[in-house]
Amino acid sequence: MTDQTTETSDGIPSPDGAAHIIDTEYEIGQDNLEGSVGPFGFDIHNPVFAISGLAIVAFVFYTLALPEQAGSLFSWLFSTVTKGFDWFFLGAANIFVIFCLFLIVTPFGNVRLGGTEAEPDYSYIGWFAMLFAAGMGIGLMFYGVSEPLSHFASSMGGTAAENGARTDWAPLGGAAGNEADAVRLGMAATIFHWGLHPWAIYAVVALALALFSYNKGLPLTIRSAFYPIFGDAVWGWVGHVIDILAVFATLFGLATSLGFGATQANAGLNELFGIAVGPTTEVILISAITAVALVSVMRGLDGGVKILSEINMGLAFLLLIFVLLVGPTVFLLSLFWDSLVAYVQFLPALSNPVGREDVNFMQGWTSFYWAWWISWSPFVGMFIARVSRGRTVREFIICVLLIPSMVCVLWMSVFGGTAIYQVITDGYTIAQEATLELKLFKMLDVMPLAGITSLVGIVLVIVFFVTSSDSGSLVIDTITAGGKVDAPVPQRAFWCIFEGAVAIVLLLSAGGLQSLQSMVISTGLPFTVVLLIMCYAILRGLMSERKNT
919 MTDQTTETSD
929 GIPSPDGAAH
939 IIDTEYEIGQ
949 DNLEGSVGPF
959 GFDIHNPVFA
969 ISGLAIVAFV
979 FYTLALPEQA
989 GSLFSWLFST
999 VTKGFDWFFL
1009 GAANIFVIFC
1019 LFLIVTPFGN
1029 VRLGGTEAEP
1039 DYSYIGWFAM
1049 LFAAGMGIGL
1059 MFYGVSEPLS
1069 HFASSMGGTA
1079 AENGARTDWA
1089 PLGGAAGNEA
1099 DAVRLGMAAT
1109 IFHWGLHPWA
1119 IYAVVALALA
1129 LFSYNKGLPL
1139 TIRSAFYPIF
1149 GDAVWGWVGH
1159 VIDILAVFAT
1169 LFGLATSLGF
1179 GATQANAGLN
1189 ELFGIAVGPT
1199 TEVILISAIT
1209 AVALVSVMRG
1219 LDGGVKILSE
1229 INMGLAFLLL
1239 IFVLLVGPTV
1249 FLLSLFWDSL
1259 VAYVQFLPAL
1269 SNPVGREDVN
1279 FMQGWTSFYW
1289 AWWISWSPFV
1299 GMFIARVSRG
1309 RTVREFIICV
1319 LLIPSMVCVL
1329 WMSVFGGTAI
1339 YQVITDGYTI
1349 AQEATLELKL
1359 FKMLDVMPLA
1369 GITSLVGIVL
1379 VIVFFVTSSD
1389 SGSLVIDTIT
1399 AGGKVDAPVP
1409 QRAFWCIFEG
1419 AVAIVLLLSA
1429 GGLQSLQSMV
1439 ISTGLPFTVV
1449 LLIMCYAILR
1459 GLMSERKNT
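Using the numbering used here, the first residue of the sequence shown is number 919, and each one after it goes up by one.
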């Protein structure tokens, strides 16, 4: 390794100021196959693109040809992974949180991504809008009302057992019949799934990619983070396997979110306009929105994702303020602070990976969520890395970890809290009894301007859908192009189309959303190991940068 400022190619900027460049003979794109098919050019990494693309095409055909068999397989995978590896997911997520907090308070936080003189490429507003829209947009819309309501109801119901095993879904020991305690426990359990842990997962991957690309001069791919461990072997099959795992995890993580988004948009359209609910409408929705995402892909990061993200953040903020002001404002503001206190109080018990009695909650909720966030981490992490050059590690971790967590707490407190208030004070239980995808619209239904707010909710789901698909296409294309960030646009279009195709076939297979959940948790398991090793690689990389700060 040498201290120098050097020019890199293929869209990755060189460090500004001092940086500890890794001296390797590998050149970005050296293993790529370049050419064109008619008017469409391609620049793909061999063999990452070929193996990933063929495997996903084969998966699509298998699921369509043998839907019942595929559905049984997906169900078995979900049960096996959530029950057998719940302790592993919880333990790993705890490590990621502790690791990020460690970086904030140590001198490693002074290291600047992109070199000692690097300046941020985006303003705080633009940066935050992009990372938030890509990171959790569809999930917040889908679970913002449903999860607080679910945990509140299960906590109120208390515990139940059969043959010595818990059969209820209450977190921890529940709060049978005690409304105040059930609200606190339900909100704490919700925040646990949307706060520090998921954002720490994203931060680890994003920091690794940014550090080894912008400071070390390596390609913007997952394999680059493992150079301190494997050396030049990362350019061989060790790296191929890492990047292929990242592609699979990203694709199925996105497909799951797109499936949730499609079912919720379908439910909202049915509420407002009477459009039929079912697979046909969902397929049409996914196809239409994928087409919009294709247009955004063509416009690129600044012209597509950035603009859509900022529009969506504005709409989301307006909807949040509306519900806060029109709803039980004093109750919601009080709930926000009470929920934060409850989160801190219950965090040790909720994050405990062993000896738990609340197995349904731990496996059916937490294990699934951690696998889902981990499967999203290559996509969200690389996207955050691409827009985070110029930030210090401390600034990066605080903004990626703490600020979005607080926004998630506020979102869940306002939307979930309003629905809970309707149950407790008004006796309105329709939202509580509705299906997951309908809960948001049923909550809005008894508030002023219900038609307008429900329409805004549908638009938010759709645009989050578009930004996730668009961002995911950019990321998968970068991985399968060997780290090039300016590969031909038709390649991004290919992945954008296949994200929609995978979401469609999983929705159509036996099991529907259960199949989506099964694939995301299965791909998240091996990638958890990758993230744990990545923490060590980050430390090695930051140690070499410390003398430049």
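Glycine is no exception: its CB is placed at the ideal position from the N, C-alpha and C atoms. Here the structure is a predicted model, which means the values were calculated and not measured.
| Query | Result |
| --- | --- |
| Rounded C-alpha distance that separates residue 1207 from residue 937 | 42 Å |
| The stretch 1344 to 1361 / the stretch 1147 to 1160 touching (three or more Cβ pairs under 8 Å) | no |
| Inter-residue spacing [alpha-carbon to alpha-carbon] between residue 1299 and residue 1309 | 15 Å |
| Anticipated Cβ contact below 8 Å, residue 1257 with residue 1059, distance rounded | That pair is no contact at about 19 Å. |
| Residue 961, enclosing beta strand (DSSP E) - first and last residue | 958 to 963 |
| For residue 1246 and residue 1307, the rounded distance between their alpha carbons | 41 Å |
| Alpha-carbon spacing of residue 1044 relative to residue 1322, whole angstroms | 14 Å |
| Anticipated Cβ contact below 8 Å, residue 1115 with residue 1288, distance rounded | 7 Å |
| Contact under 9 Å by Cβ, residue 1445 with residue 1229 | no |
| Test item: CB-CB of residue 1067 and residue 1348 under 9 Å | no |
| Sub-9 Å separation of residue 1415 and residue 1201 beta-carbons | no |
| Residue 950 - containing beta strand (DSSP E), residue span | 950 to 955 |
| Identity of the residues DSSP links to residue 1310 by a beta bridge | 1030 |
| Buried/exposed call for residue 945, threshold 16 Cβ in 10 Å | exposed |
| For residue 1083, three-class secondary structure by DSSP | strand |
| Presumed contact (8 Å Cβ cut-off) between residue 1091 and residue 1077, rounded CB distance | 6 Å |
| In chain order, each alpha helix (DSSP H) run of at least 4 residues that lies wholly inside the stretch 1261 to 1344 | 1286 to 1304, 1311 to 1315, 1321 to 1342 |
| Residue 1202 - DSSP class collapsed to helix/strand/coil | helix |
| Backbone CA spacing between residue 1039 and residue 969 [nearest angstrom] | 34 Å |
| The stretch 1173 to 1191 touching the stretch 983 to 996, judged by at least three CB pairs closer than 8 Å | no |
| Cα-Cα separation, residue 1128 to residue 1032 | 8 Å |
| Close beta carbons around residue 1205, own chain, < 7 Å, minus the five adjacent residues each side | 1418 |
| DSSP three-state assignment for residue 939, whether helix, strand or coil | strand |
| Spatial distance of residue 1194 from residue 1203 (CA atoms) | 12 Å |
| Pairwise C-alpha distance: residue 1011 and residue 1371 | 35 Å |
| The stretch 1122 to 1140 contacting the stretch 1095 to 1103, beta-carbon criterion three pairs below 8 Å | no |
| C-beta contact flag for residue 1457 and residue 979 at 9 Å | no |
| Start and end residues, alpha helix (DSSP H) containing residue 1077 | From DSSP, residue 1077 is part of no alpha helix (DSSP H); its letter is neither H nor E. |
| Residue range of the alpha helix (DSSP H) that includes residue 1153 | Element bounds for residue 1153: n/a, residue is neither H nor E. |
| Rounded separation between residue 1158 and residue 965 - CA only | 7 Å |
| Pair within 9 Å by beta-carbon distance, residue 1118 and residue 996 | no |
| Residue 1003 - DSSP class collapsed to helix/strand/coil | coil |
| Within 9 Å, strictly: CB atoms of residue 1233 and residue 1327 | no |
| Whole-Å CB distance - residue 1124 paired with residue 1303, under 8 Å assumed | 5 Å |
| Length of the line joining the Cα atoms of residue 1366 and residue 1189 | 16 Å |
| Inter-residue spacing [alpha-carbon to alpha-carbon] between residue 1243 and residue 961 | 52 Å |
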